[in-house]
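Residues 21 to 158 in this note's numbering are what the sequence shown lists, from first letter to last.
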Amino acid sequence: MRISILGLATLVSVAAPLSTASAAPGNIRIGTMGAIWCNYKAKIHLDTRQGGEWIFEGRIHIEQTGQVDRVWVKQYEDNSLRIVRYLSGEYAGRRQIVETHAPERYSEGGRYVQRWKKSASSGPGCGRDSMSNFVMTE
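This is the structure we're talking about:
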């Protein structure tokens with residue numbers, strides 16, 4: 021099975037159910053996000069939130085390969101993120117980890133957009149020279 025490795029990652033939020041609808045601008049939410057993860061088109065499904073913490077669990081589906089892996093996301097007070105992808109297949113038992121700076125917020129086409137830039141990354145194909153950029157539309 022082929023896995024994608026982190027080269028460029030982009031997230032776009034598309035839904036916010038009632039359980040997290042009161043979240044402040046810049047906060048991630050339960051729902052599905054479109055992504056380019058490791059140069060592959062993907063969907064990230066954040067299914068659960070751990071109590072009152074800004075910690076989410078879900079799965080990532082790499083569309084070109086059909087691979088589905090578990091994902092864990094933590095959002096810090098400054099809205100920066102730590103995203104962990106638990107790899108399967110050839111790299112089973114290993115992880116890709118991306119940490120971001122706090123997001124930049126701007127208006128585009130009448131909607132607010134949050135953009136997170138990578139501060140650090142590690143794991144197979146996810147080294148210091150990899151590019152990561154995450155975007156969420158409110």
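Using N, Cα and C, we set each Cβ at its ideal position, and we do this for glycine too.
Any 3 or more C-beta pairs closer than 8 Å across the segment 97 to 106 and the segment 118 to 137: yes
Euclidean distance between Cα positions of A140 and Y111: One-based indexing of the sequence shown puts residue 140 at position 120. One-based indexing of the sequence shown puts residue 111 at position 91. If I take the Cα positions, the gap works out to 20 Å.
Proximal residues to V104 (C-beta, below 6 Å), its chain only, five neighbours per side dropped: Counted from its first residue, the sequence shown places residue 104 at position 84. Around V104: W92, R115, I117.
CB of I64 within 8 Å of CB of G46, strictly: Indexing the sequence shown from 1 puts residue 64 at position 44. Indexing the sequence shown from 1 puts residue 46 at position 26. Against a cut-off of 8 Å, the Cβ pair of G46 and I64 comes out as no contact.
CB contact flag (I82, L66, <8 Å): Reading the sequence shown from its first residue, position 62 is the one you call residue 82. Reading the sequence shown from its first residue, position 46 is the one you call residue 66. Cβ atoms of I82 and L66: not closer than 8 Å.
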